[in-house]
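Chains as they are written, first to last, in UniProt numbering: chain A, 1 to 154; chain B, 1 to 154.
What follows is one structure encoded as structure tokens, with my remarks underneath.
There are 2 protein chains.
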Amino acid sequence: MDAIDARLLSALQRDGRQTVTDLAAAVGLSPTPCARRLARLEAEGVIEGYSARVDQARIGFPVSVFIQVELESQSKDAIDTFERAVRGFDRVMECHLMTGTRDILMRVVAADLTDFDRFLEDKLMRVPGIRSMRSSFALRTMVRRQVLPVRVSA
Amino acid sequence: MDAIDARLLSALQRDGRQTVTDLAAAVGLSPTPCARRLARLEAEGVIEGYSARVDQARIGFPVSVFIQVELESQSKDAIDTFERAVRGFDRVMECHLMTGTRDILMRVVAADLTDFDRFLEDKLMRVPGIRSMRSSFALRTMVRRQVLPVRVSA
DNA sequence: TTTCCCCCATGGATGCCATCGACGCACGGC
DNA sequence: GCCGTGCGTCGATGGCATCCATGGGGGAAA
């Protein structure tokens, strides 16, 4: 993981469909060693994959809601049960186990308030072991960054 | 935006580097109309771009922190000032203006607690207009979904 | 029902590009 | 001074995107 790898990863986060030829020019290598590095980063799992970025609002989900969930118990069982349930909800885009008393933070997408309410009542509130919940709506997204800063560790 | 577009978007969110040939097979079209649809979705902005997914931990940022920030004023000026500052911080991966009294929620990445503390002291706490802040650490990410559910609107 | 239009499938030509193998070279460690 | 590592270059090959043209089918409107 050197400076060239860092440039490679930055370039690929900005545009994941660049050809090896273009990438090579962007990072200052010739195509062959650039392809070698790329293959290595993929094989090592540093690059997990490639995705299209889709405009959430344009496909019917203009609303992002953050939900803080407190479980009745912090036991492994309780957390596992919750985790399994949440994996089955395709609107849950991310879900984190957090420090502090409010144990869980997740982001779900919704079409509108009614749609979100339906999700809450039909899905989330039926998961056992929830002590309390609190929802906040994202009115506007100020920043959404695709490119992680890359630290050069070697 | 029909069922074929929906399948196309799902497939591309799972793997953004699929060839048009493979995509066509996946959605049940021949390559030519598949490429046409793809070009249309890109031109219309439904597809915003393509990214490599990089393992955050492997490039030196194993820690995600969610910070709730309350501003002293909710005026447009205050928010603009904050937004401009935050755009300049490359560790801020997302930042949302929220409903409720805690106005802002953001996710920042960090190498470790010391590194995060440095970010707080040197960067975030120097932004004017902040009334209060509260940080929570993500101990573990239970779910991170790449693929938005796609609603068929026509 | 008929007509029209939109969208599809097919096929061919072209040119770019990824991939692989091989070879030589420079740099740094031992 | 030797050796390993990583880069550059070259050439060959195959796959694929991209464009073109043509033909067919099904749904909507007249």
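In this text, a Cβ means the ideal position worked out from N, Cα and C, and glycines have one as well.
Owing to the predicted nature of the structure, the values given are computational and were not obtained by experimental measurement.
Item	Value
Boundaries of the beta strand (DSSP E) in which phenylalanine 137 (chain B) is found, first to last residue	130–144
Runs of alpha helix (DSSP H) lying entirely within the UniProt domain "HTH asnC-type" (1–62) of chain B, each at least 4 residues, in chain order	3–14, 20–27, 31–44
Within chain A, the residues that glutamine 146 (chain B) reaches when beta carbons sit closer than 7 angstroms	Ser51
Closer than 8 angstroms to chain B by CB, glutamate 94 (chain A)	yes
Span separating the alpha-carbon of valine 108 (chain B) from that of isoleucine 4 (chain B)	36 angstroms
Nonlocal neighbours in the same chain, by C-beta distance under 8 angstroms from arginine 37 (chain A), ignoring five residues either side	Ile4, Asp5, Leu8, Leu29
Proximal residues of chain B, C-beta to C-beta of methionine 142 (chain A) below 7 angstroms	Glu83, Val86, Cys95, His96, Leu97
When A:Arg40, A:Leu105, A:Ala85, A:Ile59 are compared against leucine 137 (chain B), the one with the closest alpha-carbon	The sequence shown places phenylalanine at residue 137 (chain B), not leucine. Here the closest residue by C-alpha is A:Leu105.
Span of the alpha helix (DSSP H) around leucine 120 (chain B)	113–122
Three-state secondary structure assigned by DSSP to arginine 126 (chain A)	helix
Contact list for residue 155 (chain B) against chain A, beta-carbon separation under 8 angstroms	Since the first residue of chain B shown is 1 and the last is 154, residue 155 (chain B) is not available in this structure.
Start and end residues, beta strand (DSSP E) containing valine 86 (chain A)	No beta strand (DSSP E) holds valine 86 (chain A); the alpha helix (DSSP H) holding it covers 76–87.
Test item: CB-CB of proline 149 (chain B) and arginine 126 (chain A) under 8 angstroms	no
Inter-residue CB distance, aspartate 2 (chain B) and valine 152 (chain B) (contact presumed, cutoff 8 angstroms)	6 angstroms
Status (buried if at least 16 other CB within 10 Å, exposed otherwise) for leucine 113 (chain A)	exposed
Range covered by the beta strand (DSSP E) that runs through leucine 97 (chain B)	92–98
Inter-residue CB distance, glutamate 70 (chain B) and threonine 101 (chain B) (contact presumed, cutoff 8 angstroms)	6 angstroms
Own chain residues within Cβ distance below 8 angstroms of glutamine 56 (chain A), not counting five before or after	Pro62, Ser64, Val109
Per-residue contacts from residue 185 (chain B) into chain A (C-beta, under 7 angstroms)	Since the first and last residues shown for chain B are 1 and 154, residue 185 (chain B) lies out of range.
8 angstroms Cβ cutoff met for leucine 52 (chain A) and leucine 12 (chain B)	It should be noted that the sequence gives alanine, not leucine, for residue 52 (chain A). Against a cut-off of 8 angstroms, the Cβ pair of leucine 12 (chain B) and alanine 52 (chain A) comes out as a contact.
Neighbour-count burial assignment, glutamine 68 (chain A), 16 or more Cβ in a 10 Å radius	buried
Opening and closing residue of the beta strand (DSSP E) in which leucine 105 (chain A) lies	104–110
Serine 132 (chain B) to methionine 142 (chain B) span [Cα, whole Å]	28 angstroms
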